[in-house]
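Undergrad: So that we are looking at the same thing, I have put the structure below in structure tokens.
In mature numbering (1 follows the signal peptide of the UniProt record, and there is no 0), the protein residues as written are -30 to -1, 1 to 417.
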């Protein structure tokens, strides 16, 4: 493993710690590809950040230890954002160019507020914004957002899957008329992101949608749950961030007597680290997952053996290998590496580093077939998907899981798509086209 930087004590300071011999400023080694890691290991969102970015770093370490990317070794820098939008911008600026002179080719904020804060810089800086199941949803339209991707699904597809699951429990969409759903969310761009699709579906189905926000960091929720007790909803969608907020949601639900098997948690609130602190109050809670947890996937076993077996793992607690957040980070890094391989092949640069535009071409060419996932050791871990010039949103499919007090039970046999994917795509394109028109952006002609 050859990480370029390690996070310093200051949340924003990045210091160099090269494992190889010193490199003259501005000179990039052809056999190295620089990556940026804007982590969130500090503060109320640390469980999410340490797991996710731990998975990313562990996979890059695994790739380096098994020959690199067609011989190219990955190097990286880490900068602490604390899941804060302003600090994400500062980290973006600090990480943009590595000490060897290479520019970063991909940026993954792990947060919708951070993604919104940097999204307008991507095209100018020629950096891919890889929103792994979060972020600005209409960026799924590659005609408008050529440098931004929603691989592994976005929040509009996710909320459609959730509402369809509720309808199945209620006996069909026709039985949703007159039902009440509370959307309880952190008061941020992330918490509000699913609302355009959710409002439209609720209107179409005759559902009474009640929106209740929680000020960050979301540790105080008593007044919101008292309101929920008065509203007496049939379902609650919980859009929280950080294990403290997510665990508090379940304990407050128990306090006011709201059943957990009528609560559905967002992907970034549905992990072991969110459930365990709530104890018995978490039992029965539903979550959706774009990446399935577990240690039995061949890739997870290989990383455990090659990386943790050599004492080179990034997680302080190796027992977290195979958990939701860590597996999600591994899957995100797999996409980086496969995009790099694609870029090398497309541009005839086998065994060489690539530029931002070349990496973007490679990312847009991602095609995770069942055969490809089997080759990677990821069958059943993520849903198959293919990106294109126009389609930047991955599979849009999720597994439904339920917490049993010790682990997640998988409720859905397969990854579940929105019942009307054309409807969701129509919302995405309409939103993207409106934004492009209002901001003078060119809409690409895709083949």
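Glycine included, every Cβ here is placed at the ideal spot set by N, Cα and C.
Since we're looking at a predicted model, the values are computed, not measured.
On the three-pair Cβ rule with 8 Å, is the stretch 394 to 412 touching the stretch 274 to 290?
TA: no
Undergrad: Mapping DSSP to helix, strand and coil, what is residue 106?
TA: coil
Undergrad: Please report the distance separating the alpha-carbon of residue 360 from that of residue 401.
TA: Cα atoms of residue 360 and residue 401: separation of roughly 14 Å, rounded to the nearest angstrom.
Undergrad: Helix, strand or coil: how does DSSP classify residue 131 here?
TA: helix
Undergrad: Is the stretch 135 to 155 in contact with the stretch 207 to 219, if contact means three or more CB pairs nearer than 8 Å?
TA: yes
Undergrad: Specify, as a first and last residue, the run of the beta strand (DSSP E) that residue 368 falls within.
TA: 367 to 373
Undergrad: From residue 26 to residue 247, what distance separates their C-alpha atoms?
TA: 25 Å
Undergrad: Where does residue 88 fall in DSSP's three states?
TA: helix
Undergrad: List the residues that DSSP assigns as beta-bridge partners of residue 238.
TA: DSSP lists no partner for residue 238.
Undergrad: Check the C-beta distance from residue 215 over to residue 196 and give it rounded, since I have them as a contact under 8 Å.
TA: 17 Å between Cβ atoms; not a contact.
Undergrad: On a Cα-Cα basis, can you pick out the residue from 200, 310, 297 that is closest to residue 327?
TA: Ranking the options by Cα distance to residue 327, first place goes to 310.
Undergrad: Keeping to the same chain, check which residues put their C-beta closer than 8 Å to that of residue 97; ignore five residues upstream and five downstream.
TA: 66, 73, 74, 75, 76, 77, 91, 117, 326
Undergrad: Considering residue 267, what are the terminal residues of the alpha helix (DSSP H) in which it resides?
TA: Where residue 267 is concerned, there is no enclosing alpha helix (DSSP H), given that its DSSP letter is neither H nor E.
Undergrad: Taking all protein chains shown into account, do 16 or more other C-beta atoms lie within 10 angstroms of the C-beta of residue 147, making it buried, or fewer, making it exposed?
TA: Per the 10 Å Cβ criterion, exposed.
Undergrad: Ends of the beta strand (DSSP E) at residue 378?
TA: Annotation: the continuous beta strand (DSSP E) that includes residue 378 extends over 378 to 380.
Undergrad: Spatial neighbours of residue 161 within its chain, please: C-beta separation below 7 Å, excluding the five flanking residues on both sides.
TA: Here the set comprises 155, 183, 209.
Undergrad: With respect to the alpha helix (DSSP H) encompassing residue 43, which residues constitute its N-terminal and C-terminal limits?
TA: Per DSSP, residue 43 belongs to no alpha helix (DSSP H); it is in the beta strand (DSSP E), 43 to 50.
Undergrad: Taking DSSP as the reference, what is the three-state secondary structure of residue 282?
TA: coil
Undergrad: Take residue 245 as the anchor and find which of 87, 88, 371, 94 has the nearest alpha-carbon.
TA: 371
Undergrad: Note down the Cα distance separating residue 95 from residue 331, rounded to an integer number of angstroms.
TA: Looking at the two C-alpha atoms, the distance is approximately 15 Å.
Undergrad: Counting only the same chain and skipping the five closest in sequence on each side, list residues whose C-beta sits under 6 Å from that of residue 398.
TA: 108, 110, 111
Undergrad: Taking contact to mean 3 or more Cβ pairs, one atom from each stretch, closer than 8 Å, check whether the stretch 261 to 268 and the stretch 342 to 352 are in contact.
TA: yes
Undergrad: List the endpoints of the continuous alpha helix (DSSP H) containing residue 150.
TA: Looking at the DSSP string, residue 150 is not in any alpha helix (DSSP H); the run it does join, the beta strand (DSSP E), is 150 to 156.
Undergrad: Alpha carbon to alpha carbon, how far is residue 351 from residue 171? Give it in angstroms, no decimals.
TA: 29 Å
Undergrad: Give the single residue among 55, 115, 36, 45 whose Cα lies nearest to the Cα of residue 407.
TA: If we check each option's Cα against that of residue 407, 115 comes out closest.
Undergrad: So the candidates are 41, 9, 295; which of them puts its Cα closest to the Cα of residue 324?
TA: 41
Undergrad: Have a look at residue 305 and residue 44 and give me their C-alpha separation to the nearest angstrom.
TA: 14 Å
Undergrad: Report the rounded CA-to-CA distance for residue 220 versus residue 237, giving the unit in angstroms.
TA: 15 Å
Undergrad: Tell me which same chain residues have a C-beta within less than 8 Å of the C-beta of residue 405, skipping the five on either side of it?
TA: 108, 114, 411
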